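Student:
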Amino acid sequence: MTYQLPEEFLWGGATADFQFEGGFGEGGRGLLSHDYETAGSAEHPRHHTMEMPDGSIVRPRSSFFYADPVPPTARPVFLDGEYYPSHKAVDFYHHYKEDIALMAGMGFNVFRFSICWSRIFPTGEEEFPNEEGLQFYDRVIDEMAKYQMEPLITICHDEMPMNLALKYDGWSSRYLIDAYVKYCRVLFERYGDRCRYWLTFNEINAVRGFGPCGTRNSTGQDRYQAAHHMFVASAKAVKLGHEMMPDSQFGAMYAMSELYAVSCKPEDVFQRLQERRENWYFIDTMGRGYYPSYARDIWRRHGVKSVQMAKGDEVFLREGQLDFISFSYYRSNTTQAGDDWFNVGGSSNPYLKETPWGWAIDPLGLRHVMNEIYDRIQKPLFIVENGIGAVDQANEEGYVADDYRIEYLKNHLRAMADAVNIDGVVCLGYTMWGPIDLISLSTGEMKKRYGFIYVDMDDKGRGSFKRIPKKSYQWMKEIIASNGGAL
Ligand code: BG6
1179 MTYQLPEEFL WGGATADFQF EGGFGEGGRG LLSHDYETAG SAEHPRHHTM EMPDGSIVRP
1239 RSSFFYADPV PPTARPVFLD GEYYPSHKAV DFYHHYKEDI ALMAGMGFNV FRFSICWSRI
1299 FPTGEEEFPN EEGLQFYDRV IDEMAKYQME PLITICHDEM PMNLALKYDG WSSRYLIDAY
1359 VKYCRVLFER YGDRCRYWLT FNEINAVRGF GPCGTRNSTG QDRYQAAHHM FVASAKAVKL
1419 GHEMMPDSQF GAMYAMSELY AVSCKPEDVF QRLQERRENW YFIDTMGRGY YPSYARDIWR
1479 RHGVKSVQMA KGDEVFLREG QLDFISFSYY RSNTTQAGDD WFNVGGSSNP YLKETPWGWA
1539 IDPLGLRHVM NEIYDRIQKP LFIVENGIGA VDQANEEGYV ADDYRIEYLK NHLRAMADAV
1599 NIDGVVCLGY TMWGPIDLIS LSTGEMKKRY GFIYVDMDDK GRGSFKRIPK KSYQWMKEII
1659 ASNGGAL
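Basically my numbering = 1-based index in the sequence shown + 1178.
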């Protein structure tokens, strides 16, 4: 059986603005919810820096936003001596021409990037968008066009203008729907002639584990109410996008790990079904256009009294269904009866090796996940994140011989090709996470690297920012040139 993929298959990479772009305070960019997040490590989680009215400092632990509840009186502050990675990130803002040329050199025909909401609407509430912010993405998209590289745009990657987080408590408020749709309309008007593929939200199902972006105190009630607001916002954006750009195709991105019951004990296997539904809840609602029948059971489990829905919301959900299902896949997890419902980790799997960050490496799990989603939703898939976070050792010239990355990618790409060629799954494309090294979302480190291209920069943002192709760069170039055949 060949690993060759259909001719129109899209190959590329994926990034997020606050992990990649930098350009803090430039071009009229407003403050973003991630700007107050410090760097961290696997042992010392990153945190936000906030000041109480009496001048004392609180440091809520953060993952996507506040993982610890934050007192309503706390205001964000920047502190001397703290390092905030989103400010410079790896400086795509000033390196975009070079970065796009390097990606084109590998043969990418798609590049997934996210638009920084506060670059377009600095507070989220202006009447008119920030022209300088719009021009930056014009330049990026036009540069990509020189190499026939399709944009795949993430409209909202776990972020929002800081003002919306503080003033409205993020997605807890229904007001966010209007702010988001206004922002989408501007993007569609401006870039719709050059962009076909859009993702309304990144990892929207993370709301259940980490809490909704911008929300200070997230109980189960807050999380599922916020998720409803995001569902409606996404559906309205899809409907509007289809009206304004007839050729457009929309997805939303889900964090998908494979999940195994630790044993064949019926209670463990049933737990697996229920845990899985915690994710299906998001994919089913947005992919099929209505809440699934098991939604009530999920709400009950999370102590949700009722999800407030406005008249007409169900019509939007139906009319704003996604065109394709996109997801990230890095690892698999395990579960057993009695596990915590908010637990997104799981015990380790004796059959699998792990990355230095404890993520189980499981290529067959990718094929399984692709089949499960496709069987269920019957819409094309798009793998928009995959890869291995590793500590790369560069030699004196900055060259990294990353055979472990080649091994990881080869096995995952083979599993993907098997899902397509043997199982009949329809998959539009594959964008590897962080093709150029960038900042880790979960830890804020630089040393957790994913790229084909090394960036000379350390955990504190020190370095020349020089870009140097790794061994995997040439390897991936050959895989893309053969459309998977060389796998
Ligand atoms: C995905 C996110 O969950 O995982 C990315 O969409 C993130 O933003 C990626 O970077 C990998 O996670 P991490 O923590 O290794 O950066």
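Ideal Cβ placement from N, Cα and C applies to all residues, glycine included.
Since this is a predicted model, take the numbers as computed values, not measurements.
Over the uninterrupted beta strand (DSSP E) stretch that includes I1631, give me the two end residues.
Tutor: Locating residue 1631 in the sequence shown gives position 453, counting from the first residue. It spans I1631 to V1633 - the beta strand (DSSP E) in which I1631 sits, taken as one unbroken run.
Student: Quick check: L1418 and C1362, are their CB atoms within less than 8 Å of each other?
Tutor: Numbered from 1 along the sequence shown, position 240 holds the residue referred to as residue 1418. Numbered from 1 along the sequence shown, position 184 holds the residue referred to as residue 1362. Yes; because the gap between Cβ atoms is below 8 Å, this pair is in contact.
Student: For E1445, which three-state DSSP category applies?
Tutor: Residue numbering aside, residue 1445 sits at position 267 when the sequence shown is read from its first letter. Residue state, collapsed to three classes: helix.
Student: Note down, one range per segment and in chain order, each alpha helix (DSSP H) of at least 4 residues found wholly within the region 1297-1322.
Tutor: Within the region 1297-1322, no complete alpha helix (DSSP H) run reaches 4 residues.
Student: Distance, Cα to Cα, V1604 vs D1596?
Tutor: Position 426 of the sequence shown, counted from the first residue, corresponds to residue 1604. Position 418 of the sequence shown, counted from the first residue, corresponds to residue 1596. Each residue's alpha carbon lies about 11 Å from the other.
Student: Tell me which residues share the same chain as I1235 and place their Cβ nearer than 8 Å to its Cβ, disregarding the 5 neighbours each side in the sequence.
Tutor: The residue labelled residue 1235 in the question sits at position 57 within the sequence shown. Correct list, in chain order: T1227, M1228, E1229, V1255 and L1257.
Student: Quick check on M1635: buried or exposed, where buried means 16 or more other Cβ atoms within 10 Å of its Cβ?
Tutor: What you label residue 1635 is simply residue 457 of the sequence shown in a count that begins at 1. M1635 comes out buried.
Student: Using a Cβ distance threshold of 8 Å, determine whether the region 1342-1349 contacts the region 1437-1450, with at least three qualifying pairs required.
Tutor: Taking 8 Å as the limit for Cβ pairs, the verdict is that the region 1437-1450 does not touch the region 1342-1349.
Student: Sorted by chain position, which residues of the same chain lie with C-beta nearer than 8 Å to K1266's C-beta, five sequence neighbours on each side aside?
Tutor: Locating residue 1266 in the sequence shown gives position 88, counting from the first residue. Excluding sequence neighbours, K1266 sits near G1200, F1202 and G1639.
Student: Which stretch, first to last residue, makes up the alpha helix (DSSP H) that contains M1431?
Tutor: Translated into the one-based positions of the sequence shown, residue 1431 becomes position 253. Per DSSP, M1431 belongs to no alpha helix (DSSP H); it is in the beta strand (DSSP E), M1431 to A1433.
Student: Can you tell me whether W1653 sits near the ligand BG6, meaning its C-beta is under 7 Å from at least one heavy atom of the ligand?
Tutor: Position 475 of the sequence shown, counted from the first residue, corresponds to residue 1653. No, since every heavy atom of the ligand BG6 falls outside the 7 Å radius drawn around the Cβ of W1653.
Student: Name the residue from G1612, G1622 and S1642 whose alpha carbon lies nearest to the alpha carbon of Y1651.
Tutor: What you label residue 1651 is simply residue 473 of the sequence shown in a count that begins at 1. Residue G1612 is the option with its Cα nearest to Y1651.
Student: What span of residues does the beta strand (DSSP E) with G1490 cover, start to end?
Tutor: Here residue 1490 corresponds to residue number 312 of the sequence shown, with the count starting at 1. Careful: G1490 lies outside any beta strand (DSSP E) and carries neither H nor E.
Student: Buried or exposed: which applies to I1600, given that a residue is buried once 16 or more other Cβ atoms fall within 10 Å of its Cβ?
Tutor: Here residue 1600 refers to the residue found at position 422 of the sequence shown. I1600 should be labelled exposed.
Student: Cα separation between L1559 and T1393?
Tutor: Translated into positions along the sequence shown, residue 1559 becomes position 381. Translated into positions along the sequence shown, residue 1393 becomes position 215. The alpha-carbon atoms of L1559 and T1393 are separated by roughly 30 Å.
Student: Drop a sphere of 10 angstroms on the beta-carbon of A1323, count the other beta-carbons inside from all chains shown, and report buried for 16 or more, exposed for fewer.
Tutor: Along the sequence shown, one-based indexing puts residue 1323 at 145. A1323 is exposed by the Cβ-count criterion.
Student: For Y1582, does the three-state DSSP call read helix, strand or coil?
Tutor: Sequence index remark: in the sequence shown, residue 1582 carries index 404 (1-based). Three-state DSSP puts Y1582 in a helix.
Student: Taking Cβ positions, are T1609 and A1192 nearer each other than 8 Å?
Tutor: Translated into the one-based positions of the sequence shown, residue 1609 becomes position 431. Translated into the one-based positions of the sequence shown, residue 1192 becomes position 14. Contact flag set, yes.
Student: Between which residues of its own chain and M1179 is the CB-CB distance below 8 Å, once the five residues before and five after are set aside?
Tutor: As a first step, residue 1179 is located in the sequence shown; it is residue number 1 there, counting from the start. Only D1596, N1599 and I1600 meet the Cβ criterion.
Student: Are the beta-carbon atoms of S1264 and H1212 separated by less than 8 Å?
Tutor: For the purposes of this step, residue 1264 is taken as the residue at position 86 of the sequence shown. For the purposes of this step, residue 1212 is taken as the residue at position 34 of the sequence shown. A contact, by the Cβ cut-off of 8 Å.
Student: Can you find a heavy atom of the ligand BG6 that lies under 7 Å from the Cβ of L1209?
Tutor: The sequence position of residue 1209 within the sequence shown is 31, counting from 1. Checking every heavy atom of the ligand BG6 against the Cβ of L1209, none is found closer than 7 Å.
Student: Does the Cβ of N1380 lie closer than 7 Å to at least one heavy atom of the ligand BG6?
Tutor: Sequence index remark: in the sequence shown, residue 1380 carries index 202 (1-based). Yes, the beta carbon of N1380 sits closer than 7 Å to at least one heavy atom of the ligand BG6.
Student: CB-CB under 7 Å to G1285, same chain, minus the five flanking residues each way: which ones, in chain order?
Tutor: In the sequence shown, residue 1285 corresponds to position 107, counting from 1. Only W1189, K1655, I1658 and A1659 meet the Cβ criterion.
Student: Please report the Cβ distance between Q1556 and A1515, rounded to the nearest whole angstrom; I am assuming they are in contact, meaning their Cβ atoms lie under 8 Å.
Tutor: Along the sequence shown, one-based indexing puts residue 1556 at 378. Along the sequence shown, one-based indexing puts residue 1515 at 337. Rounded, the Cβ-Cβ distance is 31 Å, inconsistent with contact.
Student: Would you mind giving the Cβ-Cβ distance between T1463 and G1218, rounded to the nearest angstrom? I have them listed as a contact below 8 Å.
Tutor: Here the question's residue 1463 lines up with position 285 in the sequence shown. Here the question's residue 1218 lines up with position 40 in the sequence shown. With 8 Å as the limit, T1463 and G1218 do not qualify as a contact, their Cβ atoms being about 32 Å apart.
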